[in-house]
Amino acid sequence: MLDVRLTLLESMPQAFPRLKHATRIRFYVGTAEAIGRIYLLDAVEMEPGTERPAQVRLEHPVVAARQDRFLLRTFSPLFTIGGGVVLDPHPAKHRRDAHVVEQLTKLSEADPNSLILDLLARGEQPLVTAADLAQKLERRVETLEAQLAGLDADVGSLERRKKRYFYLRQRVAHEGARIRTLVLASHRQNPLSLGVEKASLAALYNPRSDADSFGDLLSLVAKEQGLVLEGSLVRDTSFAPTLDPQTEAQCTGIEALLLREGFLSLGELAQSCGVKRNTFDKLLALMVAQQVVYKLPDSLLAHRRTVGDYESALRAFLAGRERASVGEIKERLNLTRKALIPLLEFFDERGVTVRAGNDRRLRQKPGG
Numbered sequence: 085m086l087d088v089r090l091t092l093l094e095s096m097p098q099a100f101p102r103l104k105h106a107t108r109i110r111f112y113v114g115t116a117e118a119i120g121r122i123y124l125l126d127a128v129e130m131e132p133g134t135e136r137p138a139q140v141r142l143e144h145p146v147v148a149a150r151q152d153r154f155l156l157r158t159f160s161p162l163f164t165i166g167g168g169v170v171l172d173p174h175p176a177k178h179r180r181d182a183h184v185v186e187q188l189t190k191l192s193e194a195d196p197n198s199l200i201l202d203l204l205a206r207g208e209q210p211l212v213t214a215a216d217l218a219q220k221l222e223r224r225v226e227t228l229e230a231q232l233a234g235l236d237a238d239v240g241s242l243e244r245r246k247k248r249y250f251y252l253r254q255r256v257a258h259e260g261a262r263i264r265t266l267v268l269a270s271h272r273q274n275p276l277s278l279g280v281e282k283a284s285l286a287a288l289y290n291p292r293s294d295a296d297s298f299g300d301l302l303s304l305v306a307k308e309q310g311l312v313l314e315g316s317l318v319r320d321t322s323f324a325p326t327l328d329p330q331t332e333a334q335c336t337g338i339e340a341l342l343l344r345e346g347f348l349s350l351g352e353l354a355q356s357c358g359v360k361r362n363t364f365d366k367l368l369a370l371m372v373a374q375q376v377v378y379k380l381p382d383s384l385l386a387h388r389r390t391v392g393d394y395e396s397a398l399r400a401f402l403a404g405r406e407r408a409s410v411g412e413i414k415e416r417l418n419l420t421r422k423a424l425i426p427l428l429e430f431f432d433e434r435g436v437t438v439r440a441g442n443d444r445r446l447r448q449k450p451g452g
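If you want our numbering, it's the position in the sequence shown, counting the first as 1, plus 84.
Next up, the structure:
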């Protein structure tokens, strides 16, 4: 597939008074010949002696470079009907579009800076390396980097994974606004969520976008667009989960159940709270994020007030001791081993206690 600037001969064969869109042709470039079809991008047919942008779609690839000259002949019988110049040897598949025609016109003008800016504007990925651009434009990487340095008003750069990526500032601003629109739409659709998963956002933005490329773009536009990146989640700075009266009552019910039972597994809480599982999962994620509910090891759940009460009791018990065994703590806190072990591991992780063999002692100082 090639983007070309096609010029028809002023004197066409009688059998072919004009060239119609999608006509089957023979294409010659260098020593190569290929059969294909010519797709006009701004007309349904071409008159003799006229010039138009077109896309040649061949049945097998040929080696061609930008600015290579080509000849066009009819498929059968064999007549030379025109020729032209290759504008882009590696284009995407085009439909008729005024923007595409405009971009090809710029390519046709052959202004080196315009070509660079055009490729940055219309490439599949907004962030590209100098090597990628150099291959597309068939220039030396060093030459292209020097040209990019002179375009810093329009072109920015970003260092990622030991590579330098270039981007058109105007395009990235547009892409950033588009990403923010997707984030806001997701917030409206999922008012209980803490944010949008980056993977889901990438799929909405461009299903063909890989995680690294999208992550680079996201980090570049986040501040300007007022987006917060938290782990795997993205949210707008103005967003906070909202509860309607029904979901607020459901949260209150979950809290009451945990306060009454003390410790429950995920399955036990989901089954006992009377909330549909899909809604329950969203509410629990929200309550965990807000630290209303704590997730302990072994998938055990507890209300923060319950955990706080046991922490105070444990601190008081260990304050006058060098250490205490699990059995002694179990008896003092009056807990089952099923609840105690995850709770102690949780306190170890939070720096309340330090494990000493099978015993526990209070952490006296950081690193103690």
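No residue lacks a Cβ here, since even glycine has one placed at the ideal position from N, Cα and C.
Minimum Cα-Cα distance from F154 among the listed residues S297, A386, E429 and V113 corresponds to V113. When rounded, the separation of the alpha-carbon atoms in E94 and H178 is 27 Å. DSSP places G404 in the coil class of the three-state scheme, outside both helix and strand. The distance from the Cβ of L285 to that of L266 is about 6 Å, consistent with a contact at the 8 Å cut-off. Ranked by Cα distance from F364, the first of L313, A287, G411 and T336 is T336. Between V185 and L90, the C-beta gap is not smaller than 7 Å, which leaves the two residues out of contact. If you check the CB distance, Q187 and D202 come in under 7 Å. Per DSSP, the beta bridge partners of P137 are R89. Within the stretch 197-260, the alpha helix (DSSP H) runs of at least 4 residues that lie entirely inside it are, in chain order, 214-221 and 225-233. Beta-bridge analysis with DSSP links G167 to T91 and L155. C-alpha of A408 to C-alpha of L380: approximately 21 Å in a straight line.
Along the stretch 352-423, the alpha helix (DSSP H) occurs as fully enclosed runs of 4 or more residues at 361-373, 388-403 and 410-417, listed in sequence order. Contact between the stretch 294-310 and the stretch 237-254 is present, with at least three C-beta pairs closer than 8 Å. Counting along the chain, the unbroken alpha helix (DSSP H) around T336 starts and ends at P329 to E345.
In the structure shown, the three-state DSSP call for E314 is strand. For A295, no beta strand (DSSP E) run applies; the uninterrupted alpha helix (DSSP H) run containing it begins and ends at A295 to Q309, by DSSP. Only residues of its own chain outside the window of five on either side were considered, and among them H105 and R136 have a CB closer than 8 Å to the CB of A127, listed in chain order.
Residues L402, R405, E406, R407, A408, T437 and V438 of the same chain have their beta carbon placed closer than 8 Å to that of R445, with the five preceding and five following residues left out of the count. Distance from the CA of G167 to the CA of T134, rounded to the nearest whole angstrom, comes to 11 Å. Closest in C-alpha terms to G315, from the list K282, A333 and A340, comes K282.
As a beta-bridge residue in DSSP terms, F111 pairs with A118 and L156. The beta carbon of R447 lies closer than 7 Å to those of G435, V436, T437 and V438 in the same chain, with the five residues before and after it left out. Out of V318, L221, Y378 and Q254, the CA that lies nearest to the CA of N274 is found in V318.
Within the same chain, L276, T331, Q334, C335, I338 and V359 come within 8 Å of L367 by CB-CB distance, once the 5 residues on both sides are set aside. Rounded to whole angstroms, the separation of the alpha carbons of L252 and R108 is 38 Å. Only residues of its own chain outside the window of five on either side were considered, and among them K220 have a CB closer than 7 Å to the CB of H174, listed in chain order. Spatial neighbours of E259 in its own chain (CB-CB distance under 6 Å, excluding positions within 5 residues in sequence) are listed in chain order as P210.
For M130, the beta-bridge partners assigned by DSSP are L103. Taking a C-beta distance under 7 Å as the contact criterion, R110 and R141 do not qualify as a contact pair. H387 counts as buried, since at least 16 other C-beta atoms from the protein chains shown sit within 10 angstroms of its C-beta. Annotated as distal: G310 and T326, with beta-carbon spacing of 7 Å or more.
The C-alpha of L313 is placed about 40 Å away from the C-alpha of L417. As DSSP reads the structure, V438 sits in a beta bridge with R445. For A149, there is no enclosing alpha helix (DSSP H), as DSSP marks it with neither H nor E.
Within the same chain, Q309 come within 8 Å of A261 by CB-CB distance, once the 5 residues on both sides are set aside. Rounded to the nearest whole angstrom, the C-alpha separation of Y123 and A182 is 15 Å.
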